[in-house]
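Below: one structure, written as structure tokens.
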Ligand SMILES: [Zn+2]
């Protein structure tokens, strides 16, 4: 079907005034015909025709004679399709090749743009994690005063799990245990404060910086002052190994990380206060628990207290576990008895011989006093 | 449609366009382009073509507002002068289109539509503002340059620094590229911020209009002398 469609386009030829004119384009049986508004007619036969696609829009089709003296062009979107139908398959092929090469050019741009965008995104994400990592790995550079501030913030934010016990016999006994261990803490500058809480929970914890909270349930359940000291060595090790600080840093966002990198611990402190309201601050990973056991054992050994007392306490819990279903607090944050007993024994085996001395604490009197003050 | 009866005088340094308007005839101009007119003409300012087109013009470095002059009360004469010293070119559109560099548009008759042409990546990377204004339809178009205008008939390939392009015809393919030989470190800077070494490579067949001065060096020279507001 020829001559049915007309397209708006143009012609370049030297016979036209100004060299160019708009024209009406028609596809005939033999070629492409263009008629200008002044009535000049131009025609290119299909077999003499070279094809190109371009123009400012990139969609304009140019048909040229081989000597390039005559050019007919058209930007109508229907034109390529009509050309394909009327001019034959070899034209369709030419057109497809030209269009594909243009598309490929466009594709390169799009690809560079996509690659650029991806690189930018990667930099942002990478930068974020690098910043967090830098902040976290700078833990050694953070002064111990930060631990103390964090511990204080967390302590102020939380409510004690029971009434505080101020009885001198009870408090002094725990203080004496801590005092025996304190000189052997490998991190200096911590201040170990003791708080005893009247609660049946068999538990104790140590906040960052050294605030120690001991429950009367632990004192009543343990079989000796050495066992309690063993538990305390473990809890103090959490503070010595700065597990709380690490924990807060793992929970921190980018803002806190940036603050920390410029030496401001304010963000960490307020974050610790938030974490401190729940038990989150004193719940550690399995690795941290193992590290606290190992450090505790070394500290007990250095203080000339038999580290096997710690293992003994685990054994006790294991045996009596069914009876302590109501008071399973320390167990829930410190699972896997057998494994921990093995860890303690393994560590003890590595240590040089040591002459152990018992605690100078009247254990009977302590138990009696606990009864007298009505400890849970 | 009959064309405008016009004359361009004072070429090429301080060109001025005067149009003899027949009753009912309309001319659209860039704001502040009108220099003088007879009282029989009326002026209306507005967002021609709706807010989308108006916003498009802003991106192409033109004003959002287009002034419309109508010979409502009989024939009259009106003159237009571009903001920069230079030449004015007349172009008769006959159903085709032409691309203008930012700030080059001066006036057009009825029958022409202006729209911003987002050049895709090639427009985006040129800080020199190769976001172009596309004029299409049938009618008279006038555009201005900074300095004189050279008309170049491109038949194959032609390279123009982006700062010197005034306008080009739709039959030309254009690509913004870095002038070969520029140092790679400079290349990135040029791509992001524009500047020397960024050129437009034209190919195909058609006309390109080039201005003989580049406006940025002048602006850089004038900048320190501009009046500033002080806070005390
Ligand atoms: Zn622990």
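Chains as they are written, first to last, in the numbering used here: chain A, 1 to 376; chain B, 1 to 232.
For each residue, glycine too, the CB sits at the ideal point set by N, CA and C.
Checklist entry - Using a C-beta cutoff of 8 angstroms, does residue 39 of chain A count as contacting chain B? => result Under the 8 angstroms criterion on CB atoms, residue 39 of chain A is classed as non-interfacial with respect to chain B.
Next on the checklist: Counting only C-beta atoms, is residue 158 of chain B closer than 8 angstroms to chain A at any point?
Outcome noted: Output row for residue 158 of chain B: interface = no.
Item to check | Segments assigned beta strand (DSSP E), at least 3 residues, entirely inside the stretch 84–116 of chain B | outcome: Whole beta strand (DSSP E) segments, 3+ residues: 88–100, 105–109.
Item to check | Three-state class that DSSP yields for residue 201 of chain B in the structure shown | outcome: Three-state result, residue 201 of chain B: strand.
Item to check | Beta-carbon proximity check, residue 71 of chain A vs residue 12 of chain A, cutoff 8 angstroms | outcome: Their beta carbons are under 8 angstroms apart, which means residue 71 of chain A touches residue 12 of chain A by this criterion.
Item to check | Contact list for residue 254 of chain B against chain A, beta-carbon separation under 7 angstroms | outcome: Since the first and last residues shown for chain B are 1 and 232, residue 254 of chain B lies out of range.
Next on the checklist: If the criterion is Cβ atoms closer than 8 angstroms, does the pair residue 176 of chain B and residue 107 of chain B meet it?
Outcome noted: No, the pair does not count as a contact, with Cβ atoms beyond the cut-off.
Next on the checklist: So residue 170 of chain B contacts chain A; which residues on that side make the cut at Cβ distance below 8 angstroms?
Outcome noted: Result: 55, 56, 57, 60, 75.
Item to check | Residue closest to residue 190 of chain A, alpha-carbon to alpha-carbon, out of A:81, A:238, A:52 | outcome: Nearest C-alpha to residue 190 of chain A: A:238.
Checklist entry - At least one CB of chain B closer than 8 angstroms to the CB of residue 22 of chain A: is that the case? => result So yes, residue 22 of chain A belongs to the interface.
Checklist entry - Below 8 angstroms, can you find three or more Cβ-Cβ pairs linking the stretch 113–125 of chain A to the stretch 151–167 of chain A? => result Between the stretch 113–125 of chain A and the stretch 151–167 of chain A there are fewer than three inter-stretch CB-CB distances shorter than 8 angstroms, so the stretches are not counted as touching.
Item to check | Distance cut-off 7 angstroms: residue 289 of chain A Cβ against heavy atoms of ligand 1 | outcome: Yes, the beta carbon of residue 289 of chain A sits closer than 7 angstroms to at least one heavy atom of ligand 1.
Checklist entry - Taking 7 angstroms as the cut-off, is the CB of residue 204 of chain A close to at least one heavy atom of ligand 1? => result No.
Item to check | When B:166, B:4, B:199 are compared against residue 75 of chain B, the one with the closest alpha-carbon | outcome: Among B:166, B:4, B:199, the Cα nearest to that of residue 75 of chain B belongs to B:4.
Checklist entry - Taking contact to mean at least 3 C-beta pairs separated by less than 8 angstroms, is the stretch 217–230 of chain A in contact with the stretch 98–105 of chain A? => result Taking a contact to require three or more Cβ pairs closer than 8 angstroms, the stretch 217–230 of chain A and the stretch 98–105 of chain A do not qualify as touching.
Checklist entry - What residue range is occupied by the uninterrupted beta strand (DSSP E) comprising residue 52 of chain A? => result Secondary structure note for residue 52 of chain A: its beta strand (DSSP E) is the uninterrupted segment 49–54.
Checklist entry - Cβ of residue 356 of chain A within 7 angstroms of any heavy atom in ligand 1? => result No, ligand 1 has no heavy atom inside 7 angstroms of this Cβ.
Checklist entry - Going by other Cβ atoms of all chains shown within 10 Å of its Cβ, with 16 needed for buried, is residue 26 of chain A buried or exposed? => result Buried, because 16 or more other Cβ atoms sit within 10 Å of the Cβ of residue 26 of chain A.
Next on the checklist: Please return the same chain residues whose Cβ sits closer than 7 angstroms to the Cβ of residue 50 of chain A, not counting the five positions on each side in sequence.
Outcome noted: Non-local beta-carbon contacts of residue 50 of chain A in its own chain, meaning distances under 7 angstroms to residues more than five positions away in sequence, involve 64, 66 in chain order.
Checklist entry - Along chain A, which residues have their Cβ under 8 angstroms away from the Cβ of residue 94 of chain B? => result Near residue 94 of chain B (Cβ distances below 8 angstroms), the residues of chain A are 21, 22, 37.
Checklist entry - Taking Cβ positions only, does residue 8 of chain A come closer than 8 angstroms to chain B? => result Answer yes: the Cβ-Cβ gap between residue 8 of chain A and chain B drops below 8 angstroms somewhere.
Next on the checklist: Rounded to whole angstroms, what is the Cα-Cα separation between residue 136 of chain A and residue 251 of chain A?
Outcome noted: Per the coordinates, the alpha-carbon of residue 136 of chain A lies some 10 angstroms from the alpha-carbon of residue 251 of chain A.
Next on the checklist: If the criterion is Cβ atoms closer than 8 angstroms, does the pair residue 217 of chain A and residue 233 of chain A meet it?
Outcome noted: The answer is no: Cβ separation not under 8 angstroms.
Next on the checklist: For residue 138 of chain B and residue 255 of chain A, what's the separation of their Cα atoms in angstroms?
Outcome noted: Rounded to the nearest angstrom, the two C-alpha atoms are 60 angstroms apart.
Item to check | Endpoints, alpha helix (DSSP H) assigned at residue 25 of chain B | outcome: Taken as a continuous stretch (DSSP letters only), residue 25 of chain B belongs to no alpha helix (DSSP H), as it is neither H nor E.
Item to check | CB contact below 8 angstroms: residue 91 of chain A versus chain B | outcome: For residue 91 of chain A, no CB of chain B lies under 8 angstroms from its own CB, so it is not counted at the interface with that chain.
Item to check | Test item: CB-CB of residue 211 of chain B and residue 83 of chain B under 8 angstroms | outcome: Not a contact, by the Cβ cut-off of 8 angstroms.
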